[in-house]
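Worksheet: the structure to be examined is printed underneath.
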Ligand code: ADP
């Protein structure tokens with residue numbers, strides 16, 4: 015463990031620490047961020063009313079629209095003279111949102127990424143092949159700082175230029191790599207295409223995140239690259255990667271949220287009311303220690319559940335894999351749909367690969383989804399049994415009839431280095 019005192023802190027002590035940090039945070043933002051002062055005053059809430067995490071529900075949510083309305087710097091709680099770095103969200107869903115860090119924020123960022131890397135299997139003395147994009151996106155520099163703090167040698171490859179990635183993975187012999195799961199799929203396929211046996215690579219651990227993924231992709235990447243692949247989650251508004259991380263020895267049980275810094279809630283997406291542990295809803299974070307860009311109850315839009323795992327090594331709460339963003343959720347003939355649900359069904363059927371996309375189009379007046387999915391190479395794409403099987407399984411598990419189109423291997427677009435969109439919406443709205 016990178017920081018056992020914190021990572022194994024008894025829950026009672028962790029709550030006391032969170033409460034103390036929350037009180038200080040609320041006082042701080044009330045005094046320094048006009049947006050929060052106005053928000054509190056409008057509903058007659060006073061910082062003294064927030065004494066523990068139990069009081070959080072009294073505070074309104076902060077949403078992405080609030081960040082946009084205060085673009086670029088109005089939510090900063092520190093003068094520019096104390097800001098040491100500025101990042102922006104990758105703008106997947108519109109205009110980027112701008113975030114700032116003091117030196118202490120950068121130290122916290124390094125700490126949580128170091129914890130995450132350790133949790134994923136990385137150790138001091140190992141080398142990190144960092145294929146997250148460097149730049150405004152928090153992925154590249156975030157992983158870089160945390161790996162340095164852990165005592166690793168960072169190879170700052172950044173995303174893209176796949177040929178070069180393959181050469182570096184072979185020649186520089188990194189033990190750990192990080193990138194998006196879709197790019198890990200690309201890299202694994204490119205090695206296979208060239209007939210390179212990944213057993214000969216030094217890389218043992220892959221830390222994958224920045225987009226939703228399921229066990230289907232984990233299996234493909236683990237087999238293709240011969241690595242242990244774990245999930246890292248984060249978002250620029252909260253800090254960047256390293257908000258949560260899956261332990262390599264606890265794969266499939268969820269990712270630890272470093273809740274000494276990021277206090278999570280899961281709320282109903284329609285009512286905003288807190289949901290019990292284990293129930294799926296919108297993930298909301300309060301940044302307990304951030305100085306430059308603190309957020310109270312930030313509505314991430316990401317759908318998952320949170321729960322304590324009694325069999326886990328650490329005491330911190332876990333989150334399930336993100337199913338998708340609520341603003342990416344498709345509503346098809348009244349049924350809510352995330353692409354990860356289709357991915358899970360594909361995973362259950364032999365001879366299909368998790369290279370797929372959903373095409374959404376109008377069929378007359380109705381919205382319809384067509385699933386394009388690649389088969390493994392020995393299978394004919396007109397195989398009606400396979401088509402029927404997938405269609406039926408989707409109908410049974412998701413409750414929607416979808417058209418199925420089997421495709422030959424390597425015919426569906428791949429990640430070129432970053433996040434991959436698996437939905438093509440042709441409805442032209
Ligand atoms: P943008 O919102 O523009 O994509 P970020 O680069 O900050 O900006 O991305 C953060 C978002 O990426 C998260 O809110 C979430 O939707 C997604 N994300 C990050 N890590 C994961 C992960 N491990 N699993 C699923 N989704 C993730």
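In my numbering, the protein residues as written are 15 to 443. Glycine included, each C-beta is placed from N, C-alpha and C at the ideal position.
*When the Cα of residue 223 is compared with those of 269, 310, 415, which residue comes out closest?*
The count along the chain shown starts at 1 and reaches residue 223 at position 209. A check of alpha carbon separations from residue 223 across 269, 310, 415 identifies 269 as the nearest.
*Could you spell out where the beta strand (DSSP E) holding residue 220 opens and where it closes?*
Sequence index remark: in the chain shown, residue 220 carries index 206 (1-based). Residues 219-223.
*Local conformation of residue 111 per DSSP, three classes*: Residue numbering aside, residue 111 sits at position 97 when the chain shown is read from its first letter. DSSP, reduced to helix, strand and coil, places residue 111 outside both helices and strands of the structure shown, so it counts as coil.
_Proximity winner among 15, 245, 277, relative to residue 35 (alpha-carbon distances)_ = Taking the first residue of the chain shown as 1, we reach residue 35 at position 21. Selected option, being the one with the closest Cα: 277.
*Would you kindly work out how many angstroms separate the C-alpha atoms of residue 285 and residue 348, rounded to a whole number?*
Walking along the chain shown from the start, residue 285 turns up at place 271. Walking along the chain shown from the start, residue 348 turns up at place 334. Whole-angstrom Cα-Cα distance: 19 Å.
*Give me the Cα-Cα distance between residue 279 and residue 394, rounded to the nearest whole angstrom.*
Taking the chain shown and counting its residues from 1, one reaches residue 279 at position 265. Taking the chain shown and counting its residues from 1, one reaches residue 394 at position 380. In this structure, the straight-line span from the alpha carbon of residue 279 to that of residue 394 is close to 47 Å.
*For residue 93, is the beta carbon positioned less than 7 Å from some heavy atom of ligand 1?*
The count along the chain shown starts at 1 and reaches residue 93 at position 79. No, since every heavy atom of ligand 1 falls outside the 7 Å radius drawn around the Cβ of residue 93.
*Taking the continuous alpha helix (DSSP H) assigned at residue 4, which residues delimit it?*
Nothing about residue 4 can be read from this structure; the chain reaches only from 15 to 443.
_Under DSSP, the beta strand (DSSP E) around residue 276 begins and ends at which residues?_
Translated into positions along the chain shown, residue 276 becomes position 262. Run containing residue 276: 276-281, per the beta strand (DSSP E) assignment.
*Candidates 133, 125, 124, 165: which alpha carbon is nearest residue 139's?*
The residue labelled residue 139 in the question sits at position 125 within the chain shown. Per the Cα distances, 165.
_Looking at the secondary structure, which residues open and close the alpha helix (DSSP H) in which residue 181 lies?_
The residue labelled residue 181 in the question sits at position 167 within the chain shown. According to the DSSP assignment, residue 181 belongs to the alpha helix (DSSP H) that extends over 176-185.
*What span of residues does the beta strand (DSSP E) with residue 190 cover, start to end?*
Taking the chain shown and counting its residues from 1, one reaches residue 190 at position 176. Segment 190-193, the beta strand (DSSP E) holding residue 190.
_Could you give the first and the last residue of the continuous beta strand (DSSP E) run that contains residue 380?_
In the chain shown, the residue the question calls residue 380 occupies position 366. Run containing residue 380: 380-389, per the beta strand (DSSP E) assignment.
*Is the number of C-beta pairs between the stretch 106-126 and the stretch 300-313 that are closer than 8 Å three or more?*
With a cut-off of 8 Å, the stretch 300-313 and the stretch 106-126 count as touching, because enough Cβ pairs lie within range.
*For residue 307, is the beta carbon positioned less than 7 Å from some heavy atom of ligand 1?*
Counting from one through the chain shown, the residue named residue 307 turns up at place 293. The closest heavy atom of ligand 1 lies 7 Å or more from the beta carbon of residue 307.
_residue 293 to residue 361 span [Cα, whole Å]_ = Stepping through the chain shown from its first residue, residue 293 is reached at position 279. Stepping through the chain shown from its first residue, residue 361 is reached at position 347. The alpha-carbon atoms of residue 293 and residue 361 are separated by roughly 24 Å.
*residue 197 to residue 233, Cα distance in whole Å?*
Working through the chain shown from its first residue, we reach residue 197 at position 183. Working through the chain shown from its first residue, we reach residue 233 at position 219. Roughly 14 Å between the two C-alpha positions.
*How is the beta strand (DSSP E) around residue 269 delimited, first residue to last?*
Residue numbering aside, residue 269 sits at position 255 when the chain shown is read from its first letter. Note, residue 269: beta strand (DSSP E), 269-271.
*Starting from residue 368, follow the beta strand (DSSP E) in both directions and report where the run begins and ends.*
Numbered from 1 along the chain shown, position 354 holds the residue referred to as residue 368. It spans 366-377 - the beta strand (DSSP E) in which residue 368 sits, taken as one unbroken run.
*Beta carbon of residue 282: closer than 7 Å to some heavy atom of ligand 1?*
In the chain shown, the residue the question calls residue 282 occupies position 268. Checking every heavy atom of ligand 1 against the Cβ of residue 282, none is found closer than 7 Å.
*In angstroms, rounded to a whole number, what distance separates the CA positions of residue 379 and residue 441?*
Residue 379 sits at position 365 when you count from the first residue of the chain shown. Residue 441 sits at position 427 when you count from the first residue of the chain shown. Cα atoms of residue 379 and residue 441: separation of roughly 11 Å, rounded to the nearest angstrom.
*Quick one: measure Cβ to Cβ for residue 387 and residue 421, integer angstroms, because I've assumed they're closer than 8 Å.*
Locating residue 387 in the chain shown gives position 373, counting from the first residue. Locating residue 421 in the chain shown gives position 407, counting from the first residue. Rounded to the nearest angstrom, the Cβ distance from residue 387 to residue 421 is 7 Å, consistent with a contact under 8 Å.
_Opposing strand residues paired with residue 168 [DSSP bridges]_ = Numbered from 1 along the chain shown, position 154 holds the residue referred to as residue 168. According to DSSP, residue 168 bridges with 142.
*Could you tell me the boundaries of the alpha helix (DSSP H) in which residue 360 lies?*
Counting from one through the chain shown, the residue named residue 360 turns up at place 346. That run of the alpha helix (DSSP H) goes 353-361.
*Nonlocal neighbours in the same chain, by C-beta distance under 8 Å from residue 335, ignoring five residues either side*: Along the chain shown, read from residue 1 onward, the residue named residue 335 stands at position 321. Around residue 335: 226, 227, 228, 245, 268, 269, 318, 354.
*Kindly examine ligand 1 and report whether one of its heavy atoms sits closer than 7 Å to the Cβ of residue 247.*
By one-based count along the chain shown, residue 247 stands at place 233. Answer for residue 247: yes, Cβ within range of ligand 1.
*How would you write the range of the alpha helix (DSSP H) that residue 99 sits in, first residue to last?*
In the chain shown, counting from the first residue as 1, residue 99 sits at position 85. The continuous stretches of alpha helix (DSSP H) do not include residue 99, which lies in the beta strand (DSSP E) extending over residues 99-102.
*Is residue 345 near ligand 1, with its Cβ less than 7 Å from a heavy atom?*
Position 331 of the chain shown, counting from 1, holds the residue named residue 345. Within 7 Å of the C-beta of residue 345 there is not a single heavy atom belonging to ligand 1.
*Just confirm the distance between the C-beta atoms of residue 249 and residue 200, as a whole number of angstroms; I'd bet it's less than 8 Å.*
Here residue 249 refers to the residue found at position 235 of the chain shown. Here residue 200 refers to the residue found at position 186 of the chain shown. Not really, about 23 Å apart at Cβ, beyond 8 Å.
*To which residues of the same chain is residue 312 closer than 6 Å at the C-beta, ignoring the five residues directly before and after it?*
Taking the chain shown and counting its residues from 1, one reaches residue 312 at position 298. Here the set comprises 76, 251, 299.
*asked:* With H, G and I counted as helix, E and B as strand and the rest as coil, what does DSSP make of residue 21?
replied: Stepping through the chain shown from its first residue, residue 21 is reached at position 7. Three-state result, residue 21: helix.
_Segment contact, 8 Å Cβ cut-off, at least three pairs: the stretch 147-161 with the stretch 251-264_ = Yes: the two stretches touch, three or more of their Cβ pairs being nearer than 8 Å.
*Using the Cα positions of residue 405 and residue 84, report the straight-line distance between them to the nearest angstrom.*
The residue given as residue 405 occupies position 391 in the chain shown. The residue given as residue 84 occupies position 70 in the chain shown. Per the coordinates, the alpha-carbon of residue 405 lies some 46 Å from the alpha-carbon of residue 84.
_Residue range of the beta strand (DSSP E) that includes residue 122_ = As a working mapping, residue 122 is identified with position 108 in the chain shown. Not the beta strand (DSSP E): residue 122 falls in the alpha helix (DSSP H), residues 117-134.
_Check this for me: beta carbons of residue 289 and residue 32, under 8 Å apart or not?_
Numbered from 1 along the chain shown, position 275 holds the residue referred to as residue 289. Numbered from 1 along the chain shown, position 18 holds the residue referred to as residue 32. Residue 32 sits away from residue 289, with the two beta carbons spaced by 8 Å or more.
*With residue 356 and residue 372 assumed to form a contact (beta carbons below 8 Å), what rounded beta-carbon distance in angstroms separates them?*
Translated into positions along the chain shown, residue 356 becomes position 342. Translated into positions along the chain shown, residue 372 becomes position 358. Between residue 372 and residue 356 the Cβ distance is about 6 Å, and since that is below 8 Å, they are a contact.
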